[in-house]
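Chains as they are written, first to last, in my numbering: chain A, 2 to 402; chain B, 81 to 437.
For each residue, glycine too, the CB sits at the ideal point set by N, CA and C.
Scroll down for the structure; my scribbles are underneath it.
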Amino acid sequence: MLYASAVIDFDHNATTPLDPRVRGAMIELLGDPALDGNPSSVHGRGRAARAVVEQARRELAGAVGAEPLQVTFTSGGTEADALALLGTCRALRRAGRAHGLLSTVIEHPAVLGAGERLESEGTSRVFVAVDRCGRVDPARVVEALVAAPELGVVSIAAANHELGNRCDIAGLVAAIRAGVDRPIVIHSDAVQAFGKIAVDFSAWDLDLMSVSSHKIHGPKGVGALIHRQHHELDSLWIGGSQERGRRVGTEAVPAIHGFGVAAGLVARELDQRRASFVPLREQLLIGLRERVPDVVIHGDPEHTLGNTVLASIPGCSGELLLINFDLEGIAVSTGSACNSGKLAGSKVLLALGADPALAASALRLSLGKDSSAAQVTALLDCLPSIVERVRAHAPKRGGAN
Amino acid sequence: MRVVVAMSGGVDSSIAAALMVEAGHEVVGLTMALYDAGTQERRGRGGTCCSPAEIDLARRACDQLGIPHYTVDERARFSAAVIDDFAREYAAGRTPNPCARCNEQVKFGPLLARARALGAERLVTGHYARIESGALLRAADPSKDQSYFLFAMDRALLDVVEFPLGTWTKQLVRAKARALGMPNADAADSQELCFVPGGDHGEVVESRARELGLDLAALEPGEVRDSAGNLLGEHRGIHRVTIGQRRGLGISADRPRYVLRVLPESRTVIVGDADELDVQTVIVNDFRRLADIDESEGLVAHVQVRHRGAPHPAIVEFEANQARVRFDTPVRAVAPGQAAVVYVGDQVLGGGWIGKV
């Protein structure tokens with residue numbers, strides 16, 4: 002038996018539960034032998050599987066303001082980021098064009114990791130400063146690009162995974178296009194934005210954008226890179242021609258199907274979902290400040306996703322708060338989930354130069370479409386006793402003595 | 081009652097957790113990550129306490145028991161309190177006891193604070209020792225007794241810590257683990273130090289001493305002499321030498337020679353015959369009491385100076401936090417830096433670190 006106590010979910014930025022309608026559609030597909038073909042096969046079963054993939058491509062394209070030919074399915078957001086950045090910078094480098102990468106220090110580890118890899122391959126990397134709320138100033142991005150002609154690619158997230166900040170991508174792209182007199186490839190990781198705010202690849206005038214299925218109540222193991230139709234990039238893998246050679250390997254048809262269905266639901270229900278979780282976030286903020294008067298709320302107070310609160314509770318270790326909440330059946334996070342399963346402080350806050358003690362006392366609460374006022378009340382009701390207990394007994398951090 | 085069980089990934093702590101579940105408690109498993117996982121994995125290690133493979137075993141054991149499991153990062157504390165100390169002690173010519181040090185500095189204090197912060201009333205470990213009416217006693221199974229390593233526990237902890245395996249034998253523990261289908265039922269007991277892969281502690285001391293900026297000259301090879309001052313050879317560094325050691329000294333002699341003393345200032349190692357190792361009196365520093373002791377006159381007790389060593393009859397006299405141990409009959413090879421633990425019968429009255437011998 003596996004222990005699964007968490008029934009109240011305040012960790013939607015880590016993942017979202019599979020929508021029953023998506024699950025139903027996937028089970029139907031998995032139960033139909035006629036749809037079990039290889040989309041690359043010429044025969045009927047292959048064509049039927051191909052139709053499933055292309056239907057999903059249309060659904061997703063429609064949900065993110067793109068054309069179907071601008072969608073390349075990947076294994077998820079991390080691979081989409083890697084394909085966007087490694088693929089583009091390597092292609093630019095081969096073509097002898099400017100291939101340096103500009104980003105911020107608070108990007109998702111998928112973007113930071115790809116940048117690190119590129120740097121080891123000889124691509125130059127520049128970080129543009131963000132303010133202490135994590136906001137990006139488009140004028141500074143333009144300045145940095147003008148000052149460094151070796152830069153050819155920009156990657157800035159549409160929404161930050163820990164802070165819940167929303168970045169005005171349209172404004173940023175317009176500023177770059179107007180202020181820099183050479184072509185700049187602009188990528189945005191929209192993994193956290195998609196499903197929570199309106200995401201529009203064409204209107205934002207982006208070159209590349211990453212999205213993921215399991216953040217929008219779709220299945221895990223599938224995501225997509227949205228790109229201009231003829232965008233040049235090197236495939237990460239070799240040996241096939243699927244996805245027009247950008248992402249080779251037989252398509253994960255059932256997952257792609259689920260992703261398409263989930264994306265269609267986002268397109269139809271986004272306003273309704275926001276109308277549900279945005280007021281809950283306000284309730285949560287008010288309640289946090291009431292119950293814990295010295296709570297520190299991080300991030301941009303104005304431009305938010307509307308579902309995320311990153312809060313530090315001074316004198317409390319975030320990990321002990323998390324465990325206490327888990328034992329009460331409430332799932333929260335201390336920041337981005339760490340793949341080792343170990344518990345540590347907020348990486349984004351550390352990157353912003355926050356006091357390490359404050360970063361270690363951070364708690365990320367992220368709401369979803371099925372969150373309720375009763376759940377917010379339940380979390381707030383057990384908060385004071387947990388905080389009191391953790392403050393009374395928190396071990397000293399770090400070294401001995 | 082909510083209880084926290086410290087889970088190492090081994091069979092003992094897994095069964096300790098199982099016993100608490102069976103007793104009807106709300107059990108939470110905690111594993112401390114103690115040292116850098118990556119390095120250990122690259123070196124292909126495993127089978128020691130708290131390695132990544134062991135953390136995985138602890139998680140699986142908790143899954144099996146249907147209890148939650150968490151891994152907490154104590155690498156910084158362990159590094160500073162245990163590994164730094166390990167390097168400093170060896171560099172100063174002493175023989176450290178990292179397990180007792182870990183129990184003292186890492187395992188109980190910080191873990192109890194965490195348990196309290198999680199609303200737990202008891203902290204449970206898989207140690208083989210007993211606590212009865214606030215007294216720390218040897219385990220019922222003498223071959224597994226770990227009370228020697230526990231002397232440095234804070235006395236107040238005896239009221240909140242539980243050792244459910246204190247009355248169990250290892251054989252019974254394994255049988256129960258098999259019956260429960262525990263993934264670690266037949267895992268080998270960890271013998272070597274968890275942070276010393278492959279057992280080459282010299283290398284660990286050297287690299288840590290370098291990181292700490294210690295005087296590396298102290299770890300250079302030095303002379304091996306006998307008590308009369310005759311030069312017999314060269315050793316590979318005082319950190320690779322322990323009192324009573326016979327092999328690996330780099331000398332050839334007509335009869336067995338044992339390390340009698342280490343002189344850190346000159347890096348000289350003095351060797352001699354077995355009977356020269358005999359010690360009548362030792363001074364024990366930083367002595368902690370785990371029971372009320374009548375200190376008005378010499379205490380008639382048994383004193384143990386190494387894990388699995390025999391308890392030696394002795395008279396112990398106390399002065400502030402120092403104890404003077406006079407053995408009834410001479411004891412062989414007592415190493416400064418090791419723990420000396422005072423027993424009356426099965427009860428641990430206290431202990432400290434061996435200073436001058």
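- Straight through space, the alpha carbons of residue 221 (chain A) and residue 230 (chain A) are spaced by roughly 26 Å.
- A:371 is the residue among A:371, A:388, A:393 whose C-alpha sits nearest the C-alpha of residue 8 (chain A).
- In the pairwise beta carbon analysis, the stretch 353-365 of chain A is classified as not touching the stretch 136-156 of chain B: fewer than three pairs are separated by under 8 Å.
- Bridge pairing for residue 427 (chain B): B:217, B:424 [DSSP].
- Listed along the chain, the chain B residues whose CB falls inside 8 Å of the CB of residue 395 (chain A) are 193, 197.
- In terms of beta-carbon proximity, residue 338 (chain B) stays away from the interface with chain A, with every pair separated by 8 Å or more.
- Among the CB atoms of chain A, none fall inside 8 Å of the CB of residue 244 (chain B).
- The distance from the Cβ of residue 153 (chain A) to that of residue 99 (chain A) is about 4 Å, consistent with a contact at the 8 Å cut-off.
- For residue 311 (chain A), no CB of chain B lies under 8 Å from its own CB, so it is not counted at the interface with that chain.
- If you draw a straight line from the Cα of residue 137 (chain B) to the Cα of residue 184 (chain B), it is about 25 Å long.
- Identification of chain A residues near residue 108 (chain B) by a Cβ-Cβ cut-off of 7 Å yields 328, ordered along the chain.
- Taking 8 Å as the CB threshold, residue 94 (chain A) stays off the interface with chain B.
- In the DSSP secondary-structure assignment, residue 311 (chain B) is bridged to B:305.
- For the beta strand (DSSP E) assignment, the uninterrupted runs of no fewer than 3 residues enclosed by the stretch 350-415 of chain B are, from N- to C-terminal side, 358-369, 379-384, 392-399, 402-412.
- Residues of chain B whose Cβ lies closer than 8 Å to the Cβ of residue 389 (chain A) do not exist; the shortest such Cβ separation is about 10 Å.
- A residue is called buried once 16 or more other Cβ atoms fall within 10 Å of its Cβ, and residue 81 (chain B), having fewer, is exposed.
- Assigned with DSSP and collapsed to three states, residue 243 (chain B) falls in coil, not helix or strand.
- Against chain B, the beta carbon of residue 321 (chain A) has neighbours under 8 Å at 194, 197, 198, listed in chain order.
- Within chain B, the residues whose beta carbon sits less than 9 Å from that of residue 324 (chain A) are 108, 110, 148, 150, 152, 194, 197, 198, listed in sequence order.
- If you check the CB distance, residue 216 (chain A) and residue 195 (chain A) come in under 8 Å.
- With contact defined as three or more Cβ pairs closer than 8 Å, the stretch 339-348 of chain B and the stretch 305-318 of chain B are in contact.
- For the alpha helix (DSSP H) assignment, the uninterrupted runs of no fewer than 4 residues enclosed by the stretch 87-163 of chain B are, from N- to C-terminal side, 91-102, 117-122, 132-145, 155-158.
- Judged by pairs of C-beta atoms under 8 Å, the stretch 88-104 of chain B does not touch the stretch 192-199 of chain B, as fewer than three such pairs exist.
- Each residue's CA atom was taken as its position, placing residue 214 (chain A) and residue 303 (chain A) some 27 Å apart.
- For residue 74 (chain A), the uninterrupted beta strand (DSSP E) run begins and ends at 72-75, by DSSP.
- Within the same chain, Cβ atoms closer than 7 Å to the Cβ of residue 285 (chain A) are found at 310, 366, 377, the five residues on either side in sequence being excluded.
- Note on residue 280 (chain B): under 16 other CB atoms within 10 angstroms of its CB, so exposed under the neighbour-count rule.
- The Cβ atoms of residue 108 (chain B) and residue 328 (chain A) sit closer than 8 Å to each other.
- Here residue 124 (chain A) has 90, 94, 100, 101, 102 as same chain residues with Cβ atoms under 7 Å from its own Cβ, once five neighbours each way along the sequence are excluded.
- Two segments are said to touch when three or more pairs of C-beta atoms, one from each, lie closer than 8 Å; by this definition the stretch 373-381 of chain B touches the stretch 409-428 of chain B.
- By the C-beta criterion, the stretch 169-180 of chain A is judged not to be in contact with the stretch 48-58 of chain A, since fewer than 3 inter-stretch pairs fall below 8 Å.
- Taking a 10 Å sphere around the C-beta of residue 409 (chain B), we find fewer than 16 other C-beta atoms and assign the residue as exposed.
- Sequence-distant partners of residue 288 (chain B) (beyond 5 residues in either direction) whose C-beta falls short of 6 Å from its own C-beta, in its chain, are 163, 167.
- Positions of the beta strand (DSSP E) runs, each at least 3 residues long and wholly inside the stretch 205-274 of chain A, are given as 209-213, 224-228 in order along the chain.
- Beta-bridge pairing by DSSP links residue 419 (chain B) to B:433.
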